[in-house]
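Protein chains in written order, with the working numbering: chain A, 1 to 372; chain B, 373 to 667.
Even glycine gets a Cβ: it sits at the ideal position worked out from N, Cα and C.
What follows is a set of notes on a single structure, which appears directly below.
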Amino acid sequence: MATEALRAPATTPVRPPRRRRGGVRGNENVAGWLFVAPVIVILGLFLLLPILMALWVSLTDWNGQGSPFTGDVPFVGGKNYSRLFTEDGLDRRDFMTSIRNNMYYVGIVVPVQTVLALGLALVVNNRMLKGKGFFRSAFYFPSVTSSVAISVVFLFLFANSGAVNKLLGLLGVDGPEWFADSRGVLHLLFGAVGVDTPPGALTSGGPFGLTWWDWLAGPSVAMVSIISLVIWTTSGTFMLMFLAALQNVPVALDEASTLDGASRWQRFRHVTLPLIKPTTFLVLTLGLIGSWQVFDQVYVMSQGDPAKTTLTPAYLSYRTAFRDFDYGAGAAISFVLFLIIILLTLLQRRVMADRDEPRRARWWRRRVPEGS
Amino acid sequence: MAVLTDRPAAPVARRADRGPRARVNRILGYAVLIAFGLVFLYPFVIQLGNSLKTEPDAAANPLSPIPDPLTLAGFERIFAGTNFPLWLGNSLLVTVLVTLGRVFFDSLAGYALARLRFRGRAGLFAAVIAVMAVPGVVLLIPKFLVLKQLGLYDSYAGLVVPLLADAAGVFIMKQFFESVPVSVEEAARIDGAGVFRTFWSVVLPMARPALITLTILSFQGSWNEFPHSLVSVQDPDLFTLPRGLADLVSGSLGKGTQYPLKLGAALLATIPVAVLFVIFQRYFVRGANEGADKG
């Protein structure tokens with residue numbers, strides 16, 4: 001169908017004089033738009049239009065019955081948003097809990113996967129080792145598999161008497177009931193240093209309807225298993241990105257600094273790291289964007305349980321709309337999440353740009369005269 | 373690429389290879405590689421082993437990769453007791469259609485954005501970049517709304533059509549077409565070939581590497597796609613593999629263990645992408661070697 005439409009301008013004889021005046025590029029205006037038309041229609045219809053529709057729904061009280069675009073649906077203005085931020089209640093508590101959970105999740109996943117990916121890339125890039133191709137593939141393979149299928153495997157690994165606990169047992173550690181354990185890791189650490197009961201100052205109040213003690217819970221034990229799964233599946237992709245960057249680092253530069261007497265750490269810190277900075281920035285940004293979107297794993301492994309400690313904004317938005325039929329609130333959560341992701345991207349981009357420029361300039365100023 | 377950078381470094385590398393310190397470093401390097409190799413691959417070994425076990429065996433010895441006794445009961449139940457064949461068929465259909473659509477539409481748009489001069493091109497490209505930044509997971513409710521409104525909810529069309537084009541694919545193709553020399557297509561155009569003909573029979577055949585990349589990405593993406601099927605269908609007859617698997621684990625069959633069955637089903641769902649992955653790796657290694665030979 002599309003093919004016929006596209007062929008039309010090229011083959012149907014338009015008025016000859018006009019065609020000649022335009023020359024070879026005469027019909028490019030029409031052809032250009034026809035070529036991009038399918039993509040515009042699909043992305044416009046299933047990406048831009050739905051965002052606008054959801055924006056409207058987030059301002060209504062639609063419960064999924066009938067069309068949300070008729071006069072029957074009550075318009076509530078910003079109420080769905082204020083329920084998330086200013087009105088004390090279950091909605092705000094759930095939303096803030098999901099934000100807390102995801103903050104701890106991001107706080108662990110992004111640094112760990114970045115460092116692990118860089119470390120693996122450095123080892124795989126080592127000239128002296130053989131069989132690197134195999135290991136590169138092995139590290140990358142989990143990244144290409146289905147998130148749902150992998151979640152099924154990790155459910156088995158982290159089962160109460162599963163492989164992980166068997167392994168911990170071999171080391172003499174009594175593993176937890178991973179997916180039933182809602183205790184926060186930070187709370188457990190506080191407990192380990194003797195703070196078992198929360199100090200009164202932390203339980204009496206706190207921002208956005210959660211007590212300070214709740215905010216300081218850390219990721220729950222259940223969340224830790226999801227965190228390990230995600231680090232395991234994403235590190236490989238980021239390793240490939242670092243690897244490509246490392247292979248572009250001129251060997252001569254490394255050799256020159258070795259001759260200058262730089263230690264291995266100094267070479268890494270002052271030669272390699274500045275040169276792969278754009279990739280580090282890319283990996284951090286993609287990690288940040290991706291880890292605020294965690295959904296599949298939560299859906300398959302925990303559905304937000306236990307005690308809402310694996311609830312994330314993405315999953316909460318789904319659950320609010322499709323399980324509680326509160327589409328307005330669900331859409332509002334989506335938009336807040338959208339905003340978080342965009343803001344973080346912009347913020348990080350600015351921070352990296354500010355830090356990047358002066359340091360690189362300094363690096364060259366210091367290095368170039370010495371070397372020549 | 374690896375080969376290219378390795379070659380000039382060889383003499384220096386040999387010098388650095390000597391000495392006991394280098395040997396310690398190498399042993400450490402291999403230790404790290406093997407340790408992480410196990411971390412990244414052993415879960416799949418466990419998955420395969422346990423899918424061939426009896427239920428009590430899988431529950432008692434989850435860490436062992438060797439089934440004792442070996443049984444195909446789990447796999448028999450996958451085909452007899454679940455809708456697995458149906459999910460497989462749906463997944464194949466959706467994946468093939470989505471891959472064909474993406475490869476065709478994304479290359480058309482990529483070519484236009486790279487080569488054709490038309491009014492609004494710069495703005496369109498900026499829009500493509502902007503769309504790439506839209507996080508997919510915030511589109512769950514929006515997509516559901518538009519599919520309902522268009523009457524596509526709970527249909528094959530709803531599963532397929534919204535995925536037929538993607539901004540990232542357009543971007544990849546545009547980057548590639550920009551690297552192709554203009555002279556070839558200009559010759560074709562001067563010979564009187566129309567825009568589509570030039571694109572179809574001159575430019576596209578030269579784009580094989582980019583087309584293969586896009587095919588792989590689209591296949592993998594749509595085969596593994598889960599959230600979209602969650603909000604576009606609810607009829608169990610329209611479930612794709614990831615949706616069926618998720619249902620198997622958390623839905624109607626409940627949280628009962630049945631680990632051999634679940635692991636087996638997850639394994640079968642992983643195989644096509646695993647096969648593709650092996651071919652894809654070879655393809656890139658071959659490409660790198662060809663580049664090194666020329667250089």
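Whole-angstrom distance between residue 344 (chain A) and residue 247 (chain A), CA atom to CA atom
As a working note, residue 247 (chain A) is residue 247 in the first sequence. As a working note, residue 344 (chain A) is residue 344 in the first sequence. Distance between the alpha carbons of residue 247 (chain A) and residue 344 (chain A): 29 angstroms.
Does residue 415 (chain B) get closer than 8 angstroms to chain A when you measure Cβ to Cβ?
As a working note, residue 415 (chain B) is residue 43 in the second sequence. Yes, its Cβ sits closer than 8 angstroms to a Cβ of chain A.
Spatial distance of residue 405 (chain B) from residue 395 (chain B) (CA atoms)
By one-based count along the second sequence, residue 405 (chain B) stands at place 33. By one-based count along the second sequence, residue 395 (chain B) stands at place 23. C-alpha separation (whole angstroms): 15 angstroms.
Beta-carbon gap between residue 57 (chain A) and residue 318 (chain A) smaller than 8 angstroms:
Against the first sequence, residue 57 (chain A) aligns to sequence position 57. Against the first sequence, residue 318 (chain A) aligns to sequence position 318. No, the Cβ-Cβ distance between residue 57 (chain A) and residue 318 (chain A) is not below 8 angstroms.
Stretch-stretch touch, CB-based, cutoff 8 angstroms, three pairs: the segment 66-73 of chain A with the segment 279-292 of chain A:
no
DSSP three-state call for residue 203 (chain A): helix, strand or coil?
In the first sequence, residue 203 (chain A) corresponds to position 203, counting from 1. Reduced to three states, the DSSP call for residue 203 (chain A) is helix.
Beta-carbon neighbours of residue 580 (chain B), restricted to chain C and to distances below 8 angstroms
Looking for chain C here will not work: the only protein chains present are A and B.
Any idea which residues DSSP pairs residue 220 (chain A) with across the strands?
On the first sequence, residue 220 (chain A) is found 220 positions in, with the first residue counted as 1. Looking at the DSSP assignment, residue 220 (chain A) forms a beta bridge with A:184.
Counting only the same chain and skipping the five closest in sequence on each side, list residues whose C-beta sits under 6 angstroms from that of residue 446 (chain B).
Here residue 446 (chain B) corresponds to residue number 74 of the second sequence, with the count starting at 1. Same-chain partners within the cutoff: 423, 632, 633 and 636.
Can you say whether residue 457 (chain B) is buried or exposed, counting buried as having 16 or more other CB atoms within 10 angstroms of its CB?
As a first step, residue 457 (chain B) is located in the second sequence; it is residue number 85 there, counting from the start. Classification for residue 457 (chain B): exposed.
Given a cut-off of 8 angstroms on the beta-carbon distance, is the pair residue 325 (chain A) and residue 80 (chain A) in contact?
Sequence index remark: in the first sequence, residue 325 (chain A) carries index 325 (1-based). Sequence index remark: in the first sequence, residue 80 (chain A) carries index 80 (1-based). In this structure, residue 80 (chain A) does not lie closer than 8 angstroms to residue 325 (chain A) by Cβ.
Using CA coordinates, which residue listed in B:508, B:403 and B:415 is at the minimum distance from residue 149 (chain A)?
As a working note, residue 149 (chain A) is residue 149 in the first sequence. The shortest Cα separation from residue 149 (chain A) among B:508, B:403 and B:415 belongs to B:415.
At least three beta-carbon pairs within less than 8 angstroms, the segment 576-585 of chain B to the segment 506-518 of chain B:
no
Can at least three beta-carbon pairs, one atom from the segment 239-259 of chain A and one from the segment 164-172 of chain A, be found at a separation below 8 angstroms?
no
Would residue 33 (chain A) pass as an interface residue toward chain B - the criterion being a Cβ-Cβ separation below 8 angstroms?
Start at 1 with the first residue of the first sequence, and residue 33 (chain A) comes out as number 33. Yes, its Cβ sits closer than 8 angstroms to a Cβ of chain B.
Using a C-beta to C-beta distance shorter than 7 angstroms, which residues of chain A count as neighbours of residue 425 (chain B)?
Working through the second sequence from its first residue, we reach residue 425 (chain B) at position 53. Ordered by position in chain A, no residue passes the 7 angstroms Cβ test against residue 425 (chain B), which lies about 11 angstroms from the chain.
Would you mind reading off the limits of the alpha helix (DSSP H) that contains residue 537 (chain B)?
If you number the second sequence from 1, residue 537 (chain B) lands on position 165. Segment: none, residue 537 (chain B) is in no alpha helix (DSSP H) and carries neither H nor E.
Residue 71 (chain A) touches chain B at which residues, Cβ-Cβ below 9 angstroms?
Counting from 1 along the first sequence, the entry for residue 71 (chain A) is found at position 71. Simply none; closest approach about 16 angstroms.
For the segment 140-158 of chain A, which residues have a CB atom closer than 9 angstroms to at least one CB atom of chain B, in sequence order?
140, 141, 142, 144, 145, 146, 147, 148, 149, 150, 151, 152, 153, 154, 155, 156 and 157
Please compile the residues from chain B whose C-beta is within a distance smaller than 7 angstroms of the C-beta of residue 162 (chain A).
On the first sequence, position 162 is the one that residue 162 (chain A) refers to. The contacting residues are 434.
Give a yes or no on whether the minimum CB-CB distance between residue 24 (chain A) and chain B is below 8 angstroms.
To locate residue 24 (chain A), count along the first sequence from 1; it is residue 24. Confidence at residue 24 (chain A) is low in this model, with a pLDDT of 48, below 50, so its placement is unreliable and the value that follows should be read with caution. Closer than 8 angstroms to some Cβ of chain B, the Cβ of residue 24 (chain A) qualifies, so yes.
In whole angstroms, give me the CA-to-CA distance for residue 526 (chain B) and residue 192 (chain A).
Translated into positions along the second sequence, residue 526 (chain B) becomes position 154. Translated into positions along the first sequence, residue 192 (chain A) becomes position 192. Residue 526 (chain B) and residue 192 (chain A): Cα-Cα distance of roughly 52 angstroms.
Kindly say whether residue 576 (chain B), judged by its beta-carbon, lies nearer than 8 angstroms to any beta-carbon of chain A.
Along the second sequence, one-based indexing puts residue 576 (chain B) at 204. With 8 angstroms as the cut-off, residue 576 (chain B) does not count as an interface residue toward chain A.
Would residue 515 (chain B) count as contacting chain A if we go by Cβ distances under 8 angstroms?
Residue numbering aside, residue 515 (chain B) sits at position 143 when the second sequence is read from its first letter. For residue 515 (chain B), the answer is yes, since a Cβ of chain A falls inside 8 angstroms of its Cβ.
Determine the burial state of residue 641 (chain B): buried for a count of at least 16 other Cβ atoms within 10 Å of its Cβ, exposed for fewer.
Within the second sequence, numbered from 1, the residue matching residue 641 (chain B) stands at position 269. Its Cβ being crowded by 16 or more others within 10 Å, residue 641 (chain B) is buried.
Considering only the alpha carbon of each residue, which of B:515, B:639 and B:546 lies closest to residue 534 (chain B)?
Translated into positions along the second sequence, residue 534 (chain B) becomes position 162. Among B:515, B:639 and B:546, the Cα nearest to that of residue 534 (chain B) is on B:515.
Could you tell me how far apart the beta carbons of residue 510 (chain B) and residue 158 (chain A) are, in whole angstroms, since I believe they sit closer than 8 angstroms?
Residue mapping note: residue 510 (chain B) aligns to position 138 of the second sequence, counting from 1. Residue mapping note: residue 158 (chain A) aligns to position 158 of the first sequence, counting from 1. With 8 angstroms as the limit, residue 510 (chain B) and residue 158 (chain A) do not qualify as a contact, their Cβ atoms being about 28 angstroms apart.
Under 8 angstroms, CB to CB, which of the residues in the segment 589-600 of chain B have a partner in chain A?
592, 595, 596, 598 and 599
By the three-class DSSP mapping on this structure, what secondary structure does residue 75 (chain A) have?
Counted from its first residue, the first sequence places residue 75 (chain A) at position 75. Of the three classes helix, strand and coil, the one that applies to residue 75 (chain A) here is strand, per DSSP.
Quick one: Cα of residue 648 (chain B) to Cα of residue 588 (chain B), how far?
Position 276 of the second sequence, counted from the first residue, corresponds to residue 648 (chain B). Position 216 of the second sequence, counted from the first residue, corresponds to residue 588 (chain B). Whole-angstrom Cα-Cα distance: 7 angstroms.
Amino acids of chain B, ordered along the chain, whose beta-carbon sits closer than 9 angstroms to that of residue 67 (chain A):
Mapped onto the first sequence, residue 67 (chain A) falls at position 67. Under the 9 angstroms cutoff, chain B gives 520 and 521.
So residue 468 (chain B) packs on residue 437 (chain B), CB below 8 angstroms; how close in whole Å?
Counted from its first residue, the second sequence places residue 468 (chain B) at position 96. Counted from its first residue, the second sequence places residue 437 (chain B) at position 65. Incorrect: roughly 34 angstroms between the Cβ atoms, too far for contact.
According to the Cβ coordinates, are residue 297 (chain A) and residue 147 (chain A) closer than 8 angstroms?
Your numbering for residue 297 (chain A) matches position 297 in the first sequence. Your numbering for residue 147 (chain A) matches position 147 in the first sequence. Their beta carbons are under 8 angstroms apart, which means residue 297 (chain A) touches residue 147 (chain A) by this criterion.
Distance between residue 225 (chain A) and residue 212 (chain A) (C-alpha atoms, nearest Å)
As a first step, residue 212 (chain A) is located in the first sequence; it is residue number 212 there, counting from the start. As a first step, residue 225 (chain A) is located in the first sequence; it is residue number 225 there, counting from the start. The alpha-carbon atoms of residue 212 (chain A) and residue 225 (chain A) are separated by roughly 24 angstroms.
Looking at the secondary structure, which residues open and close the alpha helix (DSSP H) in which residue 277 (chain A) lies?
Residue mapping note: residue 277 (chain A) aligns to position 277 of the first sequence, counting from 1. Where residue 277 (chain A) is concerned, the enclosing alpha helix (DSSP H) stretches over 277-291.
Just grab the DSSP bridge partners of residue 258 (chain A) for me.
Residue 258 (chain A) sits at position 258 when you count from the first residue of the first sequence. Answer is none; residue 258 (chain A) lacks a bridge partner.
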